[in-house]
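Residue numbering for the sequence shown follows the working numbering, beginning at -15 and increasing consecutively.
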Amino acid sequence: MTLDGIAAILMKSEAQSSSSIGVPQTPYTGCPACTLMKEERRWTHPLRDIVPDPDGINWNNQYWGYNVWNRHGRRTIVRPLPRNITNRIPPELTYHIIDFLRWETKDLYNCALVCRAWHHRSQTLLYARLVIEDRRSYSAVTRFTLRGEYSRHYLRFTRMLDITRGKNEANLPHSHAQRQYFQSIPCVLPLHGPMPNLQHLRFYGCLYPPYHSSFVESMGRFIELVHLSLITFKFRSFVDLRRIICSLPKLCELELSGGELSSASASVDVASPLARDYWPRLRILSLESLDLNLWAPLSSWVASTNVCKCLTALNLSVMNEEATGLYLEHILEACGPSLVELEYNVNRPSGGT
């Protein structure tokens, strides 16, 4: 598909919608969990060279270590402050400082060992992003949350949940029992402790059949989810994927990469009543390297529903431009009127774009 063809589709879509009365939409600023991470993790900025204070404390040597330009070369264990300084630091200021260590996992581990107050403050930040990479880490999380109400309380602070394939599972077949723990996550974790602040959920390289029907049904328990990423996955049918998306009422960002359907389910009828008005209103959609048997039902569903009527950013990445051309046209026609940003990549066999 050429740039002229894309422009023609977008102009046609805009002309068809110009006569309709638009409903003002609230500006979308992005996934709160992702935005917070981008703002906090600024590794390219040089560390500040702090002038020694009137108490004679050289803060560069106290905290950063001797190499102020390298965060990774700083001290792993912070030197204790003099007593004449610690007596004047209010607890509120200490908590504020710990909050700035949100993405410094090793530092939060150290802070959690200082005292009970620091332990609680550090744990709330450590649980802001939860990574489950194998059955062992999943079992550790479930054991911790089963200890009591106090332990389950920390799941309330989880904003990002990553379920990924660990190194020990790389060579296991997709249907191996050791890799099927993922399907119990939406069933078990919300029962162990509510996750009202979960905004970003990512499955990477672990979502494959066979999976129980309760996995699809229980995904709707993440009612505050804003950003869903499915990377290197396979569903039995498009109906399962559609049910997951439609069970998340606040979903605004959807990323599908390296996905496919089981061969027997490629011809599933995805027709849906146009009168239904409770589809999630996606604002950002990313479709990368999907199999052809997924492009067909996905494009038909997008074109026949309002799920992408408010879309502002679209990222398309394909391997076979000729085979997916018609499907891309359907998606562009459905998203064109509200689209602000468009990224279109064609991955060549040689590795170029």
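Where is the CB? At the ideal position from N, CA and C, for every residue including glycine. What you are looking at is a predicted structure, and each value in this text was computed from that prediction instead of being measured.
(message) Taking 8 Å as the limit between beta carbons, can you name the residues of its chain near residue 167, skipping five residues before and five after?
(response) Within the same chain, and ignoring the five residues on either side of residue 167 in sequence, the residues whose Cβ sits closer than 8 Å to its Cβ are 195, 196, 198 and 199.
(request) Along the alpha helix (DSSP H) that carries residue 208, what are the first and last residues, could you check? (result) Taken as a continuous stretch (DSSP letters only), residue 208 belongs to no alpha helix (DSSP H), as it is neither H nor E.
(message) For the alpha helix (DSSP H) containing residue 227, name the first residue and the last one.
(response) 222 to 230
(message) I'd like the span of the beta strand (DSSP E) that includes residue 140, first residue to last.
(response) Element bounds for residue 140: n/a, residue is neither H nor E.
(message) DSSP three-state label for residue 352, please.
(response) This structure gives no information on residue 352, because the portion of the chain shown stretches from -15 to 337.
(request) Enumerate in chain order the residues of its own chain whose CB-to-CB distance from residue 186 is below 6 Å, with the five nearest sequence positions on each side excluded. (result) Apart from sequence neighbours up to five positions away, the residues of its chain that approach residue 186 with a beta-carbon distance below 6 Å are 146 and 213, ordered along the chain.
(request) Decide if residue 260 is buried, meaning its Cβ has at least 16 other Cβ atoms within 10 Å, or exposed. (result) Per-residue confidence for residue 260 stands at a pLDDT of 46, beneath the threshold of 50, marking its modelled position as unreliable; the derived number appears in the next sentence. Exposed, because fewer than 16 other Cβ atoms sit within 10 Å of the Cβ of residue 260.
(request) Kindly confirm or deny that the region 127 to 142 and the region 91 to 99 touch, where touching means at least three C-beta pairs closer than 8 Å. (result) no
(message) For residue 219 and residue 133, I'd like the C-alpha separation in whole angstroms.
(response) 35 Å
(message) Can you check which of these residues, 329, 233 and 309, is closest to residue 270 by C-alpha distance?
(response) 329
(request) Using three-state DSSP, classify residue 242 as helix, strand or coil. (result) strand
(request) Just mark residue 169 as buried or exposed, buried being the case when its beta carbon has 16 or more other beta carbons within 10 Å. (result) buried
(message) On the DSSP letters alone, give me the boundaries of the alpha helix (DSSP H) that residue 128 sits inside.
(response) 119 to 129
(request) With DSSP as the reference, label residue 296 as helix, strand or coil. (result) Three-state result, residue 296: coil.
(request) Look up residue 234 in the DSSP assignment and say whether it is helix, strand or coil. (result) coil
(message) Whole angstroms are fine: how far does the CA of residue 14 sit from the CA of residue 286?
(response) Approximately 21 Å, taken between the alpha carbons.
(message) Which same chain residues end up closer than 6 Å to residue 203 when comparing Cβ atoms and leaving out the 5 residues on each side of it in sequence?
(response) Correct list, in chain order: 170, 228 and 231.
(message) Once the 5 residues before and after residue 326 are set aside, which same chain residues still bring their CB inside 7 Å of it?
(response) 298
(request) Quick one: give me the first and last residue of the beta strand (DSSP E) that residue 110 is part of. (result) Looking at the DSSP string, residue 110 is not in any beta strand (DSSP E); the run it does join, the alpha helix (DSSP H), is 100 to 110.
(message) Using a 10 Å radius around the Cβ and a threshold of 16 neighbouring Cβ atoms, would you call residue 310 buried or exposed?
(response) Result: exposed.
(request) Over the uninterrupted beta strand (DSSP E) stretch that includes residue 330, give me the two end residues. (result) 325 to 330
(request) State the beta-bridge partners of residue 289 as determined by DSSP. (result) According to DSSP, which records beta bridges pairwise, residue 289 is partnered with nothing at all.
(message) Considering just the uninterrupted stretch of the beta strand (DSSP E) at residue 339, what are its terminal residues?
(response) Shown here, the chain extends from -15 to 337; a query on residue 339 therefore has no answer.
(request) Drop a sphere of 10 angstroms on the beta-carbon of residue 255, count the other beta-carbons inside from all chains shown, and report buried for 16 or more, exposed for fewer. (result) Its pLDDT being 49, under 50, residue 255 is placed unreliably in this model, and the coordinates cannot settle the point.
(request) Tell me whether residue 306 is buried or exposed, calling it buried when 16 or more other Cβ atoms sit within 10 Å of its Cβ. (result) exposed
(message) Below 8 Å on the Cβ atoms is my contact criterion, and I expect residue 296 with residue 268 to pass it. Report the Cβ-Cβ distance as a whole number of Å.
(response) 7 Å
(request) Report the option in 85, 148, 113 and 149 whose CA atom is closest to the CA atom of residue 140. (result) Minimum Cα distance to residue 140 is reached at 113.
(request) Classify residue 312 as buried or exposed, calling it buried when 16 or more other Cβ atoms lie within 10 Å of its own Cβ. (result) buried
(message) For residue 237, count the other beta carbons within 10 Å of its own beta carbon; 16 or more makes it buried, fewer makes it exposed. Which is it?
(response) Buried, since its Cβ has 16 or more Cβ neighbours within 10 Å.
(message) To the nearest angstrom, how far is the alpha carbon of residue 123 from that of residue 273?
(response) 33 Å
(message) Can you look up residue 270 in the DSSP assignment and give me helix, strand or coil?
(response) strand
(request) Using beta-carbon positions only, say whether residue 208 and residue 180 come within less than 8 Å of one another. (result) yes
(message) Please list the terminal residues of the continuous beta strand (DSSP E) segment that includes residue 185.
(response) 184 to 188
(message) Contact defined as beta carbons within less than 8 Å: I believe residue 210 pairs with residue 16. What is the distance between those atoms, to the nearest angstrom?
(response) Right, the Cβ-Cβ distance comes to about 7 Å (below 8 Å), so this counts as a contact.
(request) Return the residue from the list 284, 190, 242 and 80 that minimises the CA-CA distance to residue 275. (result) 242
(request) Look up residue 13 in the DSSP assignment and say whether it is helix, strand or coil. (result) coil
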